[in-house]
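When you line the sequence shown up against my numbering, it's residues 47 to 119, in that order. Worksheet for the structure shown next.
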Amino acid sequence: MDCYHCGTELVWGGDHDIEGEEEYDMVTNLSCPNCGSYVEVYRFNASVDAPKTKPLEEPSPTPDASWLDKNSE
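Structure, rendered in structure tokens:
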């Protein structure tokens, strides 16, 4: 994962279990060796009912995105 601010690859600092929190069960911390940014990524607790979401749809081809045009192969 790259730093949002400078684009440098983030360094993994570790994973930690979260107790006493229902929505998330783990947090991962990452840091940027270049600009010093710090990022925490929270993992959704799979034992809690996940929100209902619809599946992602493939984007439709556009004139400026020829790589998405299936007829150009």
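All C-beta atoms in this analysis are idealised placements derived from N, C-alpha and C, irrespective of residue type, glycine included.
Bridge partners of residue 55 according to DSSP: 48. Counting only the Cα atoms, residue 51 lies some 8 Å from residue 81. Secondary structure of residue 86 (DSSP, three-state): strand. The shortest C-alpha to C-alpha distance from residue 74 to any of 60, 90, 66, 47 is the one to 60. In this model, residue 49 and residue 63 are separated by some 23 Å (Cα to Cα).
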